[in-house]
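Student:
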Amino acid sequence: MRTLNLGILAHVDAGKTSLTERLLFDTGAIARLGSVDGGNTQTDSLELERQRGITIAAAVVSFTLGDLVVNLIDTPGHPDFIAEVERVLQLLDAAIVVVSAVEGVQAQTRVLVRALKRLGIPFIFFINKIDRLGARYEALLEEMAVQLQVRPIAMMEMDEAGFRGASARTRNMMGEPLFSTLAEALAGHDEALLADYVMAPERISAGRLQAALAEQVASGLLHPAYCGIAMTGLGVPALIAAIETLLPGKRRDPQGVLKGRVFKIERGWGGEKIAYLNLTSGTVTARQQIALPGGPAKVVSIQLFDQGRVEKVGEFGAGRIAKIGGLTEARIGDEVGMEAGPSSAFHFAPPTLETRVRASRPSETAALWAALQQLSEQDPLINLRTSADASEIYVSLYGEVQKEVIQAMLLADFGIAALFEESTVICAERLAGTGQGLELLFKESNPFLATIGLRVEPGPEGAGNSFALEVDVGQMPVSFYRAVEETVSEVLKSGINGWQVIDCHVAMTAAKFSSPSSTAADFRRLTPLVLAAALAEAGSIVCEPIDYFHLEVPAASLTTIHTLLAKAGAVTKDTVIEAGTARLTGTVASAMIQGIQRQLPALSSGLGVLEHGFDHYAPVAGVPAVRPRLGLNPFDRAEYLQGLR
Numbered sequence: 000m001r002t003l004n005l006g007i008l009a010h011v012d013a014g015k016t017s018l019t020e021r022l023l024f025d026t027g028a029i030a031r032l033g034s035v036d037g038g039n040t041q042t043d044s045l046e047l048e049r050q051r052g053i054t055i056a057a058a059v060v061s062f063t064l065g066d067l068v069v070n071l072i073d074t075p076g077h078p079d080f081i082a083e084v085e086r087v088l089q090l091l092d093a094a095i096v097v098v099s100a101v102e103g104v105q106a107q108t109r110v111l112v113r114a115l116k117r118l119g120i121p122f123i124f125f126i127n128k129i130d131r132l133g134a135r136y137e138a139l140l141e142e143m144a145v146q147l148q149v150r151p152i153a154m155m156e157m158d159e160a161g162f163r164g165a166s167a168r169t170r171n172m173m174g175e176p177l178f179s180t181l182a183e184a185l186a187g188h189d190e191a192l193l194a195d196y197v198m199a200p201e202r203i204s205a206g207r208l209q210a211a212l213a214e215q216v217a218s219g220l221l222h223p224a225y226c227g228i229a230m231t232g233l234g235v236p237a238l239i240a241a242i243e244t245l246l247p248g249k250r251r252d253p254q255g256v257l258k259g260r261v262f263k264i265e266r267g268w269g270g271e272k273i274a275y276l277n278l279t280s281g282t283v284t285a286r287q288q289i290a291l292p293g294g295p296a297k298v299v300s301i302q303l304f305d306q307g308r309v310e311k312v313g314e315f316g317a318g319r320i321a322k323i324g325g326l327t328e329a330r331i332g333d334e335v336g337m338e339a340g341p342s343s344a345f346h347f348a349p350p351t352l353e354t355r356v357r358a359s360r361p362s363e364t365a366a367l368w369a370a371l372q373q374l375s376e377q378d379p380l381i382n383l384r385t386s387a388d389a390s391e392i393y394v395s396l397y398g399e400v401q402k403e404v405i406q407a408m409l410l411a412d413f414g415i416a417a418l419f420e421e422s423t424v425i426c427a428e429r430l431a432g433t434g435q436g437l438e439l440l441f442k443e444s445n446p447f448l449a450t451i452g453l454r455v456e457p458g459p460e461g462a463g464n465s466f467a468l469e470v471d472v473g474q475m476p477v478s479f480y481r482a483v484e485e486t487v488s489e490v491l492k493s494g495i496n497g498w499q500v501i502d503c504h505v506a507m508t509a510a511k512f513s514s515p516s517s518t519a520a521d522f523r524r525l526t527p528l529v530l531a532a533a534l535a536e537a538g539s540i541v542c543e544p545i546d547y548f549h550l551e552v553p554a555a556s557l558t559t560i561h562t563l564l565a566k567a568g569a570v571t572k573d574t575v576i577e578a579g580t581a582r583l584t585g586t587v588a589s590a591m592i593q594g595i596q597r598q599l600p601a602l603s604s605g606l607g608v609l610e611h612g613f614d615h616y617a618p619v620a621g622v623p624a625v626r627p628r629l630g631l632n633p634f635d636r637a638e639y640l641q642g643l644r
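Mapping the sequence shown onto numbering that gives the first Met the number 0, position 9 (from 1) lands on 8, and the numbers just tick up by one.
(1) Which residue marks the beginning of the alpha helix (DSSP H) containing residue 412, and which one marks its end?
(2) So residue 509 is in the beta strand (DSSP E); what residue range does that whole segment cover?
(3) With a CB to CB cut of under 6 Å and the five nearest residues on each side skipped, what residues in its chain are close to residue 326?
(4) Under a Cβ-count criterion, where at least 16 other Cβ atoms within 10 Å of its own Cβ denotes burial, should residue 645 be classed as buried or exposed?
(5) Does the distance from the CB of residue 424 to the CB of residue 543 come in under 8 Å?
(6) Quick check: residue 14 and residue 171, are their CB atoms within less than 8 Å of each other?
(7) Could you tell me if residue 234 is buried or exposed, where buried requires 16 or more neighbouring beta carbons within 10 angstroms of its beta carbon?
(8) Could you give the distance in angstroms between the alpha-carbon of residue 383 and the alpha-carbon of residue 169?
(9) Can you list, in chain order, the residues of its chain whose CB lies under 7 Å from that of residue 466, leaving out five sequence neighbours each side?
(10) Using CA coordinates, which residue listed in 288, 150, 89 is at the minimum distance from residue 658?
(11) Under the three-state reduction of DSSP, which class applies to residue 15: helix, strand or coil?
(12) Check whether the stretch 501-516 touches the stretch 583-596, taking contact to mean three or more Cβ pairs, one atom from each stretch, closer than 8 Å.
(13) Identify, in the order they occur along the chain, each residue of the same chain with its Cβ nearer than 6 Å to the Cβ of residue 130, setting aside the five sequence neighbours on each side.
(14) Would you tell me roughly how many angstroms separate the C-alpha atoms of residue 625 and residue 72, rounded to the nearest one?
(15) Pick helix, strand or coil for residue 374, following the three-state DSSP scheme.
(16) Using 8 Å as the cut-off, can you tell me whether the stretch 524-538 makes contact with the stretch 623-641, which would need three or more C-beta pairs spanning the two stretches below that distance?
(17) Can you tell me whether DSSP reads residue 120 as helix, strand or coil?
(18) Do residue 222 and residue 123 have their C-beta atoms within less than 8 Å of each other?
(19) Taking 8 Å as the threshold (C-beta atoms), are residue 422 and residue 396 in contact?
(20) Anyone know if the C-beta pair for residue 609 and residue 595 falls short of 8 Å?
(21) If we require 3 or more residues per run, which beta strand (DSSP E) segments fall completely within the stretch 238-286?
(22) From this set, 209, 280, 145, which residue's C-alpha is nearest residue 246's C-alpha?
(23) Taking the CB atoms as reference points, tell me whether residue 329 and residue 291 lie closer together than 8 Å.
(24) Taking 6 Å as the limit between beta carbons, can you name the residues of its chain near residue 195, skipping five residues before and five after?
(25) Could you say which of 180, 498, 153 lies nearest to residue 618 if we only look at CA atoms?
(26) Work out the CA separation of residue 280 and residue 495 for me, nearest whole Å.
(27) Using only the alpha-carbon positions, how far apart do residue 461 and residue 353 sit?
(28) Return helix, strand or coil for residue 566, following the three-state DSSP convention.
(29) Are residue 662 and residue 429 touching if we call contact CB-CB under 8 Å?
(30) How long is the line joining the alpha carbons of residue 263 and residue 621, rounded to whole angstroms?
(31) Would you grab the beta carbon distance between residue 69 and residue 242 for me? Rounded to a whole angstrom, and I think it's under 8 Å.
(32) Going along the chain, which unbroken runs of the alpha helix (DSSP H) with 4 or more residues stay wholly within the stretch 453-509?
(33) Measure the C-alpha to C-alpha separation of residue 540 and residue 532 and round it to an integer number of angstroms.
(34) Taking C-beta to C-beta, are residue 317 and residue 255 nearer than 8 Å?
(35) Residue 308 to residue 322, Cα distance in whole Å?
(36) Taking DSSP's pairing of strands, which residues face residue 302 in a bridge?
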């Protein structure tokens, strides 16, 4: 059978979860419809999701269309949970982008469509809520073509848009205006079709159009657009037909070499770790030993997503998604199989906000730390920092809504009342030059049985941190080199001013040990001193995060908006006025975004729309901020050594 990993993506409140529920019902996977308002949908299973009516965590359901098994993945629409969407994008074959017929293209719609295009994931559109006042379809598609830089094709037509009696029907592919629209769009990338369309249009059959459309959808050249009402099911049958015939299902090999990826982690009722595994090749059976980056692990249980349910099975094959028990060391992004390795390819920027978290009752501080560690397993972009005794805990965030959700989850799932301080922006440090550090074995100033030499140098912007050996690997046990590399990675999280050092290349230039006395612990304890000396010699520049912004406001409010942006220190790159709407693009310090968001509604008569996201780091003007250092400070040698004692 063919399989299709299908994502449902949209801006918050466009109707993703309602559409997922309707697809399951119309394909026979569930016998009764749930609703977001009622808090009883298949995919919003978390209690917090039911209370708030929003999707927080990605959810999987499966249904069958003929010979096609569809693994349907409902994703969060709120930008604060973009990390959850990131993990889903890595396993999608295709996507449905849901757009509200009233609100149209919104900030998160742009972010998601850009990501789909960048990754080469084919997608189609579903224009939802056509019965609401102000609903549009073909006019909206024209806006989408301009704003999203896509080629949407209107596959349906509707009547009484904006009223309760709104209706929609599929257009005849061989009738006008769809025939001409399709033929012209397809001919741009199909010379044979172009020749027949010009010279002998009667040669073009519905089957040929259908096949050409499916091919160009799979290539990301065209994006068929359907319309309807997810709540009532209007237009959904046409969408289901498109899923079966236009989107690129794949035939995967259950007999092949084992290969898959862990894309989600959750905890069972007893606190045990459960890994969501997308299997792309081979077969997994219960009690089988499978390879993970952290070493082999035994599969204890398998729960397969099938026909709207999760069923306990003894095995599952390529193309399916299952929940696996027993993979205690698994982490999100881990590859499973012969070439198992961790994944570090994130397609969205890391969070730029940080807040301190405290337990309302000091006696629960240790429990708070343990709970946050579990939550960070489920979302690896929730970075945690803590002092050695866990008395100070910091968590990184995408936004204030995410803070509220984490606070509610701590209370609901762990019974811990937590207090979150005001969020601050996370800066970074870039090297100002090159530096070296060296500590020699048996020298009086070196209390450790190890020789380590390190050189640091700035790398290209956006290259990330790297580590290389410039010594003979065979002169020491491999575990000693690994200890140095792992410790370097940890020390770079807190540079001279306490911020993470970015785009830094570290080379190990000297290494020696004393057999049999030296241990990996000697290298772990000495590395921070050597690296700190190299960083201090190189010097660093504190950089703040800069966001790009796309701003749409009524043209009449343009002057006041320019004033607002000027006060925020924004750099406006482009301003376009069209049909009474002004569109501005540019960059601004991330720290100023929340202030702009608060003032925008009043200055734009409630019509302003701001889309923003991380763009780059830039040197901080004036005195750089210093981040409180947690734990031992290798930049103060005496304090560091005293702390180790």
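Using N, Cα and C, we set each Cβ at its ideal position, and we do this for glycine too. Quick caveat, the model's predicted, so the values are computed rather than measured.
Tutor: Let's see:
(1) If you number the sequence shown from 1, residue 412 lands on position 413. Here the alpha helix (DSSP H) through residue 412 covers 399-413.
(2) Position 510 of the sequence shown, counted from the start, is the residue given in the question as residue 509. First-last of the beta strand (DSSP E) with residue 509: 503-512.
(3) What you label residue 326 is simply residue 327 of the sequence shown in a count that begins at 1. Closer than 6 Å at Cβ, skipping near neighbours: 274, 296.
(4) The displayed coordinates of the chain run from 0 to 644. Any statement about residue 645 would go beyond what the structure contains.
(5) Your numbering for residue 424 matches position 425 in the sequence shown. Your numbering for residue 543 matches position 544 in the sequence shown. Closer than 8 Å, so yes.
(6) If you number the sequence shown from 1, residue 14 lands on position 15. If you number the sequence shown from 1, residue 171 lands on position 172. No, these two residues do not count as a Cβ contact at 8 Å.
(7) Residue 234 sits at position 235 when you count from the first residue of the sequence shown. Result: buried.
(8) One-based indexing of the sequence shown puts residue 383 at position 384. One-based indexing of the sequence shown puts residue 169 at position 170. The straight-line gap from Cα to Cα measures roughly 51 Å.
(9) Locating residue 466 in the sequence shown gives position 467, counting from the first residue. 484, 487, 505.
(10) Since the first residue shown for the chain is 0 and the last is 644, residue 658 is missing from the structure and cannot be characterised.
(11) Looking up residue 15 in the sequence shown gives position 16. In the structure shown, residue 15 sits in a helix (DSSP, three-state: H, G or I).
(12) no
(13) The residue given as residue 130 occupies position 131 in the sequence shown. If we look at residue 130 and ignore the five residues flanking it on each side, its Cβ neighbours are 163, 165, 228.
(14) As a position in the sequence shown, residue 625 is number 626, starting the count at 1. As a position in the sequence shown, residue 72 is number 73, starting the count at 1. Each residue's alpha carbon lies about 42 Å from the other.
(15) Numbered from 1 along the sequence shown, position 375 holds the residue referred to as residue 374. Of the three classes helix, strand and coil, the one that applies to residue 374 here is helix, per DSSP.
(16) yes
(17) Locating residue 120 in the sequence shown gives position 121, counting from the first residue. Residue 120: coil per DSSP, three-state reduction.
(18) By 1-based counting over the sequence shown, the position of residue 222 is 223. By 1-based counting over the sequence shown, the position of residue 123 is 124. In contact: residue 222 and residue 123 (Cβ atoms closer than 8 Å).
(19) For the purposes of this step, residue 396 is identified with residue 397 of the sequence shown, where counting begins at 1. For the purposes of this step, residue 422 is identified with residue 423 of the sequence shown, where counting begins at 1. Against a cut-off of 8 Å, the Cβ pair of residue 422 and residue 396 comes out as a contact.
(20) Counting from 1 along the sequence shown, the entry for residue 609 is found at position 610. Counting from 1 along the sequence shown, the entry for residue 595 is found at position 596. It is a contact, given that the beta carbons lie within the stated cut-off.
(21) 258-266, 272-280, 282-284
(22) Start at 1 with the first residue of the sequence shown, and residue 246 comes out as number 247. If we check each option's Cα against that of residue 246, 209 comes out closest.
(23) Here residue 329 refers to the residue found at position 330 when the sequence shown is read from its first residue. Here residue 291 refers to the residue found at position 292 when the sequence shown is read from its first residue. Yes.
(24) The sequence position of residue 195 within the sequence shown is 196, counting from 1. 202, 203, listed in sequence order.
(25) Against the sequence shown, residue 618 aligns to sequence position 619. If we check each option's Cα against that of residue 618, 498 comes out closest.
(26) As a position in the sequence shown, residue 495 is number 496, starting the count at 1. As a position in the sequence shown, residue 280 is number 281, starting the count at 1. Computed Cα separation, rounded: 46 Å.
(27) For the purposes of this step, residue 461 is taken as the residue at position 462 of the sequence shown. For the purposes of this step, residue 353 is taken as the residue at position 354 of the sequence shown. So the alpha carbons of these two residues sit roughly 21 Å apart.
(28) Stepping through the sequence shown from its first residue, residue 566 is reached at position 567. Three-state result, residue 566: helix.
(29) A query on residue 662 cannot be resolved here, the shown segment of the chain reaching from 0 to 644 and no further.
(30) Taking the first residue of the sequence shown as 1, we reach residue 263 at position 264. Taking the first residue of the sequence shown as 1, we reach residue 621 at position 622. Roughly 42 Å between the two C-alpha positions.
(31) Reading the sequence shown from its first residue, position 70 is the one you call residue 69. Reading the sequence shown from its first residue, position 243 is the one you call residue 242. The pair is a contact, with the Cβ atoms about 6 Å apart (cut-off 8 Å).
(32) 477-490
(33) Taking the sequence shown and counting its residues from 1, one reaches residue 540 at position 541. Taking the sequence shown and counting its residues from 1, one reaches residue 532 at position 533. For residue 540 and residue 532, the distance between alpha carbons rounds to 16 Å.
(34) Numbered from 1 along the sequence shown, position 318 holds the residue referred to as residue 317. Numbered from 1 along the sequence shown, position 256 holds the residue referred to as residue 255. It is a contact, given that the beta carbons lie within the stated cut-off.
(35) As a position in the sequence shown, residue 308 is number 309, starting the count at 1. As a position in the sequence shown, residue 322 is number 323, starting the count at 1. Their Cα atoms are separated by approximately 12 Å.
(36) Here the question's residue 302 lines up with position 303 in the sequence shown. In the DSSP output, where bridge partners are listed per residue, residue 302 has 311, 322.
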